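**Student:** Each residue of the sequence shown is one higher than the last, beginning at 1 in the UniProt record's numbering.
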Amino acid sequence: MGEEAALERQWRLPAVALRGVLFALVAVFGWASVGLADAATWCGILALAALPGVVLPRHRLLAPAGRLAEVVVVVLGTLATDGLPAWMLPYLIAPFAAAAFDAAGQATGDEGRYARLRTWGPPALVAVAAIGLVAQTPRVPAYDRGTYVTTVGVALAFGLASAVGAWWLRRSRSSDLHHSQLPYAEAAALLTQLRVVARQLPGSTLDPGGIATEIVDAASRIPGVERAAVLSAASGRRLVVLAQHADERVDWETSPQLNSLLADAWAGQKPQGGQVPLSRSTQGPVASLVIPLVAEGRTVGLIAIESDDPAAFGPETIAAAEEHTKGTALRLETALLFEDVRSMATTEERQRLAREIHDGIAQELAMLGYGIDNAMAILPPEAGEAESELADLRSEVTRLVTELRFSLFELRSNVDRQGGLASAIADYARTVGASAGLRVHLSLDEGGARLPASTEAELLRIAQEAITNARKHARAENLWVTCEVDPPYTRIEVTDDGQGLSGEAAEGRYGLAIMSERAERIRGSLEIRPHQPHGTTVAVVLNAGARPTPRAETPRPGSAAWAAADRAARTGQPARRPDLGGRGSQ
């Protein structure tokens with residue numbers, strides 16, 4: 001394992017330092033006890049024995065053999081001096097500790113005798129040292145035997161203590177590393193399983209919108225049902241409409257705190273019926289039914305059903321509704337979880353790219369610009385052509401820095417939990433328009449209901465790409481941005497008065513392909529058409545069949561209605577689109 005190898009690399013320097021300190025210690029003891037000649041001889045032999053453990057500490061054969069040689073040299077050196085003063089015994093700490101540290105590691109490629117050699121190395125070294133030293137006891141004079149036995153016992157005790165300490169250190173560090181990597185290992189295993197299972201699912205899809213549409217279609221076939229919707233949880237204790245079925249616009253209630261049926265169904269996980277309307281747009285007496293979607297004891301979403309007949313939903317209808325939606329909760333939860341994981345990964349990757357661009361190429365381009373400025377400052381007066389070239393180069397660097405700033409702003413832009421999609425698009429359009437010299441005209445129509453977070457993120461990216469294309473390639477002067485959000489229906493439209501599609505560069509056409517892929521991912525339709533007298537319109541629509549009943553004809557960008565809105569904005573009156581019903585627009 002990589003963690004084990006890292007631990008061994010960290011231990012290598014302390015192990016060498018430990019051997020060095022102990023070697024110097026026994027050398028001093030030997031010099032003081034048996035003289036320089038004998039001490040130098042045995043220290044030289046000990047240095048040769050320690051060489052494999054220092055140079056090749058991870059070798060499966062040479063490292064254990066080196067540690068055994070160190071123990072043998074210590075025992076023989078003690079025997080050669082008739083037991084006392086036993087000046088080499090402190091060095092036993094080094095081979096004992098090294099062997100124990102090696103034995104505590106997890107086997108990686110060791111099999112058979114190599115694994116057993118690692119495991120039984122420490123007790124074998126202790127046994128060799130104990131037997132060799134105890135065997136010397138009869139040769140020690142009787143009056144010194146007590147001192148000799150005590151010295152040997154203390155030396156072996158210190159050696160065993162060092163071995164236990166090294167073993168515990170290795171195991172504790174390995175355990176810390178294992179626990180720190182455990183969440184990543186579990187996440188990798190789960191994601192791998194998810195990838196395999198996702199490919200085996202019917203239709204190979206984990207699309208919450210598609211699954212919710214199937215649930216709504218099943219609910220709409222129940223006798224008496226006139227309006228139905230699937231709601232799932234979102235941030236801020238609100239619900240979002242994933243799909244709906246209705247002949248006309250329905251403004252579903254998305255705050256459970258304001259509707260007892262929604263709140264009771266979510267908390268109690270039991271169907272709730274009554275005559276409390278489930279939508280803010282419903283007038284008159286109705287029959288309402290809320291069926292919770294429960295998977296493994298967790299409430300995933302709600303199926304909201306309404307009928308204009310107050311007596312439409314009896315016990316038989318509730319049983320039929322539960323039967324029609326049986327088994328769909330787990331599918332929907334799986335799709336929502338997958339969408340959350342993908343959204344988190346996408347957000348993290350965008351933030352990482354933004355950091356790398358800011359800390360890398362952006363800084364390097366800024367330094368390049370400063371270098372060009374310094375070069376221009378020291379040019380002689382007669383260097384006219386060189387100064388012109390440098391000025392052109394400086395302008396290009398400035399342009400690149402500006403593009404990088406736009407890219408960073410785009411990467412870091414997200415839909416705020418409180419502001420909503422329309423606010424995020426408006427902020428982006430205003431910022432880009434102010435920096436690029438575009439006159440931005442906004443028409444925003446967003447109610448209290450929200451789209452799923454992943455859908456809002458994709459729509460924001462489509463709008464950003466359309467605005468970026470208008471800024472970079474269209475050479476436009478005006479930019480019209482329309483945003484209508486009435487879940488599940490949504491329409492985002494970006495129009496410019498530039499040179500049109502015929503003037504698009506290859507990069508711009510690649511951006512159109514990216515927008516098409518994003519629209520397809522959220523089951524939307526993307527339309528790109530010319531704008532008269534010149535320019536381009538990019539429009540993305542979600543759930544066109546759920547579009548609210550038009551209240552008035554939508555004025556075209558650049559028409560008299562748009563001009564009237566601009567004049568009203570300049571005079572301090574709120575600009576209002578006739579088809580927006582008075583909601584806040586600009």
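All C-beta atoms in this analysis are idealised placements derived from N, C-alpha and C, irrespective of residue type, glycine included. Predicted model, so just to flag it, every value in this text is computed and none were measured.
Find the nearest neighbour of residue 156 within the set 456, 129 and 29, judged by alpha-carbon distance.
**Tutor:** One-based indexing of the sequence shown puts residue 156 at position 156. Answer by Cα proximity: 129.
**Student:** Which residues in the same chain as residue 93 place their Cβ atom closer than 7 Å to its Cβ, once the five residues preceding and following it in sequence are excluded?
**Tutor:** Looking up residue 93 in the sequence shown gives position 93. Cβ within range, chain order: 22, 158, 159 and 162.
**Student:** Between the Cα of residue 100 and the Cα atoms of 430, 87 and 117, which residue gives the shortest distance?
**Tutor:** In the sequence shown, counting from the first residue as 1, residue 100 sits at position 100. Nearest C-alpha to residue 100: 117.
**Student:** Helix, strand or coil for residue 447 per DSSP?
**Tutor:** What you label residue 447 is simply residue 447 of the sequence shown in a count that begins at 1. The three-state secondary structure of residue 447, taken from DSSP, is coil.
**Student:** Do three or more CB pairs link the segment 261–279 to the segment 329–336 at distances below 8 Å?
**Tutor:** no
**Student:** When we look at the beta-carbon of residue 514 and count the other beta-carbons within 10 Å, is it buried (16 or more) or exposed?
**Tutor:** Stepping through the sequence shown from its first residue, residue 514 is reached at position 514. Result: exposed.
**Student:** Measure the alpha-carbon distance for residue 248 versus residue 528 and round it to whole angstroms.
**Tutor:** For the purposes of this step, residue 248 is taken as the residue at position 248 of the sequence shown. For the purposes of this step, residue 528 is taken as the residue at position 528 of the sequence shown. The alpha-carbon of residue 248 is positioned some 27 Å away from that of residue 528.
**Student:** Excluding sequence positions up to five away, which residues of its chain have a Cβ less than 6 Å from the Cβ of residue 229?
**Tutor:** Locating residue 229 in the sequence shown gives position 229, counting from the first residue. The residues are 241, 244, 252 and 304.
**Student:** Helix, strand or coil: how does DSSP classify residue 71 here?
**Tutor:** The residue given as residue 71 occupies position 71 in the sequence shown. Residue 71 falls in the helix class under three-state DSSP.
**Student:** Quick one: is the Cβ of residue 241 within less than 7 Å of any heavy atom of the ligand FMN?
**Tutor:** In terms of ligand content, the structure shown is empty, and the ligand FMN therefore cannot be addressed.
**Student:** Starting from residue 667, trace the alpha helix (DSSP H) both ways and give me its first and last residue.
**Tutor:** Outside the shown range of the chain (1 to 586) lies residue 667, about which nothing can therefore be said.
**Student:** Is residue 168 buried or exposed, if buried means 16 or more other CB atoms sit within 10 Å of its CB?
**Tutor:** Residue numbering aside, residue 168 sits at position 168 when the sequence shown is read from its first letter. The residue is exposed, with fewer than 16 neighbouring Cβ atoms inside 10 Å.
**Student:** Just tell me which of 362, 314, 492 and 389 has its CA closest to the CA of residue 429.
**Tutor:** Indexing the sequence shown from 1 puts residue 429 at position 429. Minimum Cα distance to residue 429 is reached at 492.
**Student:** Apart from the five residues just before and just after residue 471, which ones in its own chain have a Cβ nearer than 7 Å to its Cβ?
**Tutor:** The residue given as residue 471 occupies position 471 in the sequence shown. Once the five neighbours on either side are set aside, the close Cβ partners of residue 471 are 432, 436 and 438.
**Student:** Is residue 84 closer than 8 Å to residue 38 when the C-beta atoms are compared?
**Tutor:** By 1-based counting over the sequence shown, the position of residue 38 is 38. By 1-based counting over the sequence shown, the position of residue 84 is 84. No, the pair does not count as a contact, with Cβ atoms beyond the cut-off.
**Student:** Leaving out five residues before and five after residue 86 in sequence, what residues of the same chain have Cβ atoms less than 8 Å from its Cβ?
**Tutor:** For this step, residue 86 is matched to residue 86 along the sequence shown. 78, 148, 151, 152 and 155, listed in sequence order.
**Student:** Rounded to whole angstroms, what is the Cα-Cα separation between residue 298 and residue 338?
**Tutor:** In the sequence shown, counting from the first residue as 1, residue 298 sits at position 298. In the sequence shown, counting from the first residue as 1, residue 338 sits at position 338. Near 16 Å, if we compare the C-alpha coordinates of residue 338 and residue 298.
**Student:** With 16 as the cutoff for other CB atoms within 10 Å, does residue 259 come out buried or exposed?
**Tutor:** Residue numbering aside, residue 259 sits at position 259 when the sequence shown is read from its first letter. That one is buried.
**Student:** In chain order, what residues of the same chain have a beta carbon less than 6 Å from the beta carbon of residue 89, not counting five sequence neighbours either side?
**Tutor:** Taking the first residue of the sequence shown as position 1, residue 89 is located at position 89. Answer for residue 89: 155, listed in chain order.
**Student:** Below 8 Å on the Cβ atoms is my guess for residue 291 versus residue 325; work out the distance and round it to an integer in Å.
**Tutor:** Mapped onto the sequence shown, residue 291 falls at position 291. Mapped onto the sequence shown, residue 325 falls at position 325. With 8 Å as the limit, residue 291 and residue 325 qualify as a contact, their Cβ atoms being about 6 Å apart.
**Student:** In chain order, what are the residue ranges of uninterrupted beta strand (DSSP E) at least 3 long that sit wholly in the segment 441–496?
**Tutor:** You should have 478–486 and 489–496.
**Student:** Leaving out five residues on either side along the sequence, give the residues of the same chain with a beta carbon under 7 Å from the beta carbon of residue 519.
**Tutor:** The sequence position of residue 519 within the sequence shown is 519, counting from 1. Cβ within range, chain order: 462, 525, 526 and 540.
**Student:** What residues match up with residue 245 in a beta bridge as DSSP calls it?
**Tutor:** In the sequence shown, residue 245 corresponds to position 245, counting from 1. BP columns for residue 245 point to 228.
**Student:** Residue 404: which of 394, 354 and 414 sits nearest, CA to CA?
**Tutor:** As a first step, residue 404 must be located in the sequence shown, where it is residue number 404. For residue 404, the closest alpha carbon among the candidates 394, 354 and 414 is that of 354.
**Student:** Output needed for residue 42: all residues of its chain with C-beta closer than 6 Å, excluding positions within five of it in sequence on either side, in chain order.
**Tutor:** Stepping through the sequence shown from its first residue, residue 42 is reached at position 42. Closer than 6 Å at the Cβ level, and outside the excluded window around residue 42, lie 77.
**Student:** Rounded C-beta distance between residue 104 and residue 170? I'm assuming under 8 Å.
**Tutor:** As a working note, residue 104 is residue 104 in the sequence shown. As a working note, residue 170 is residue 170 in the sequence shown. Yes, residue 104 and residue 170 are in contact; Cβ-Cβ is about 4 Å, under 8 Å.
**Student:** With distance defined between alpha-carbon atoms, name the residue in 275, 485 and 121 nearest to residue 450.
**Tutor:** Sequence index remark: in the sequence shown, residue 450 carries index 450 (1-based). Residue 450 has its Cα closest to that of 485, out of 275, 485 and 121.
**Student:** Less than 8 Å separating the beta-carbons of residue 444 and residue 424?
**Tutor:** As a first step, residue 444 must be located in the sequence shown, where it is residue number 444. As a first step, residue 424 must be located in the sequence shown, where it is residue number 424. It is not a contact, given that the beta carbons lie outside the stated cut-off.
**Student:** Which term fits residue 489, buried or exposed, when burial requires 16 or more other beta carbons within 10 angstroms of its beta carbon?
**Tutor:** Taking the first residue of the sequence shown as 1, we reach residue 489 at position 489. Counting Cβ neighbours within 10 Å, residue 489 comes out buried, since at least 16 surround it.
**Student:** The beta strand (DSSP E) spanning residue 254 covers which residue range?
**Tutor:** For the purposes of this step, residue 254 is taken as residue 254 along the sequence shown, with counting starting at 1. In this chain, residue 254 is not harboured by any beta strand (DSSP E), its DSSP state being neither H nor E.
**Student:** Which residues bound the beta strand (DSSP E) around residue 539?
**Tutor:** As a working note, residue 539 is residue 539 in the sequence shown. 536–542 is the span of the beta strand (DSSP E), which, as asked, contains residue 539.
**Student:** Grab me the residues of residue 11's own chain with a C-beta within less than 7 Å of its C-beta, minus the 5 sequence neighbours each way, in chain order.
**Tutor:** Residue numbering aside, residue 11 sits at position 11 when the sequence shown is read from its first letter. Only 101 meet the Cβ criterion.
**Student:** Can you tell me where the beta strand (DSSP E) with residue 299 in it begins and where it stops?
**Tutor:** As a first step, residue 299 is located in the sequence shown; it is residue number 299 there, counting from the start. Element bounds for residue 299: 298–307.
**Student:** How many Å lie between residue 188 and residue 271 at the Cα?
**Tutor:** Here the question's residue 188 lines up with position 188 in the sequence shown. Here the question's residue 271 lines up with position 271 in the sequence shown. The alpha-carbon atoms of residue 188 and residue 271 are separated by roughly 38 Å.
**Student:** Taking only the alpha-carbon atoms, compute the straight-line gap between residue 246 and residue 367 and give it to the nearest angstrom.
**Tutor:** Looking up residue 246 in the sequence shown gives position 246. Looking up residue 367 in the sequence shown gives position 367. Each residue's Cα considered, the two are about 60 Å apart.
**Student:** Would you tell me roughly how many angstroms separate the C-alpha atoms of residue 16 and residue 51, rounded to the nearest one?
**Tutor:** Your numbering for residue 16 matches position 16 in the sequence shown. Your numbering for residue 51 matches position 51 in the sequence shown. When rounded, the distance between both Cα atoms is 10 Å.
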